[in-house]
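Residue numbers (the working numbering): 1235 to 1384.
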Amino acid sequence: MEISKYQEIATRTHNDELNLNESITCYGLGLTQSTGNVTDLIKQHMFCNVPIDKGIMINELSEALWNIANLTNVLGINLDEIAGHSVNTILMNKPNQTINLDNGIKQGDKVLFQGSKYLVDGSIGNLLLISNDKDDRQVTVQDVKKVDKE
1235 MEISKYQEIA
1245 TRTHNDELNL
1255 NESITCYGLG
1265 LTQSTGNVTD
1275 LIKQHMFCNV
1285 PIDKGIMINE
1295 LSEALWNIAN
1305 LTNVLGINLD
1315 EIAGHSVNTI
1325 LMNKPNQTIN
1335 LDNGIKQGDK
1345 VLFQGSKYLV
1355 DGSIGNLLLI
1365 SNDKDDRQVT
1375 VQDVKKVDKE
């Protein structure tokens, strides 16, 4: 799912009776609670040998994302802007990290993924948005092979 589409859907649940300060407080505290719950799951795993329950972790992270989507919405910030800023910061501060592993693949290139040819529609770090006439996908650059020009 595209992050901006998620933000649009998540913010449909916003309580319009809340003023700006109440909304900021509600979503900010909700985010704090969700991240605290994630922290507790990690603490229990690290110090009490409790396996991390993937379902519970997904639930807590989804709650955090919901709060982020709503908080940014009431502040007039688009999640795409935040994601782009995050990637740009990583690229600037950690140029040798895997996020730069583009293998020379850029928008407009043809690639093979699971035996099928796709066109690269865009990229964010080492994630590629690829499509053909039957399918659209988001894959990592390591999952594809660049097709030489025909």
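Where is the CB? At the ideal position from N, CA and C, for every residue including glycine.
- Query: Roughly how many whole angstroms lie between the Cα atoms of Ile1292 and Asp1274?
  - Reply: Within the sequence shown, the letter at position 58 stands for residue 1292. Within the sequence shown, the letter at position 40 stands for residue 1274. Roughly 14 Å separates the two Cα atoms.
- From Asn1255, Lys1379 and Gly1264, pick the residue whose C-alpha is nearest to that of Ile1302; which is it? To locate residue 1302, count along the sequence shown from 1; it is residue 68. Of the listed residues, the one whose Cα sits closest to Ile1302 is Gly1264.
- What does a CB cutoff of less than 7 Å around Ser1268 pick up in its chain, not counting 5 residues either side in sequence? Translated into the one-based positions of the sequence shown, residue 1268 becomes position 34. Once the five neighbours on either side are set aside, the close Cβ partners of Ser1268 are Glu1294, Glu1297, Ala1298 and Asn1301.
- For Gln1241, count neighbouring Cβ atoms within 10 angstroms of its own Cβ and tell me buried if that reaches 16, exposed if not. What you label residue 1241 is simply residue 7 of the sequence shown in a count that begins at 1. Under this definition Gln1241 is a buried residue.
- Please report the residue range of the beta strand (DSSP E) in which Val1373 lies. In the sequence shown, counting from the first residue as 1, residue 1373 sits at position 139. Asp1370 to Thr1374 is the span of the beta strand (DSSP E), which, as asked, contains Val1373.
- Mapping DSSP to helix, strand and coil, what is Lys1344? For the purposes of this step, residue 1344 is identified with residue 110 of the sequence shown, where counting begins at 1. Strand, per DSSP.
- How would you write the range of the beta strand (DSSP E) that Gly1356 sits in, first residue to last? Position 122 of the sequence shown, counted from the start, is the residue given in the question as residue 1356. Unbroken beta strand (DSSP E) run through Gly1356: Ser1350 to Ile1358.
- Check each candidate in His1248, Glu1251 and Lys1351 and name the one with the smallest Cα separation from Asp1367. Taking the first residue of the sequence shown as position 1, residue 1367 is located at position 133. Per the Cα distances, Lys1351.
- Going by DSSP, which residues form a beta bridge with Ile1243? Here residue 1243 corresponds to residue number 9 of the sequence shown, with the count starting at 1. None, per the DSSP bridge assignment.
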